[in-house]
């Protein structure tokens, strides 16, 4: 379960990525649309970071990387790096599941990377809170 799209030979369309997420495809589409509409991000479907991450959508504002959203079978995963101040600013308003993911982040500089699997609308809402914090320092 939650297998990534690992066939590098076929570049998927956005519709392919949405369909691959199964029951959570509409949430995958909603998060991508939220970033492009609310924060005016540019998107790129890509297969980054080696063979275990699979196909996903990179979001950036100008040349600044915001996040990657990876399609999974019946789910999707947000990969995001923020500094500790950004995490702390929203931490108390997040679900216990989201806090657990943040607590286990991969350290990087004064913050770290999270891999946040989204399985329901509540997870999506927390993802939006995190992304709002990440994007708010950036110009729209």
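In this note's numbering, the protein residues as written are 23 to 162.
Beta carbons: idealized from backbone N, C-alpha and C, even for Gly.
Annotated as proximal: residue 103 and residue 135, with beta-carbon spacing under 8 Å. Going by C-alpha positions, residue 138 is about 12 Å away from residue 94. Here DSSP, grouped into helix, strand and coil, assigns residue 79 to strand. One alpha carbon belongs to residue 100, the other to residue 113, and they sit about 17 Å apart. Secondary structure at residue 65: strand, using DSSP grouped into helix, strand and coil. Per DSSP, residue 110 is not a residue of any beta strand (DSSP E); the alpha helix (DSSP H) it occupies stretches across 106–113. Taking C-beta atoms as the reference points, residue 69 and residue 30 count as a pair closer than 8 Å. For residue 116, the closest alpha carbon among the candidates 144, 36 and 63 is that of 144.
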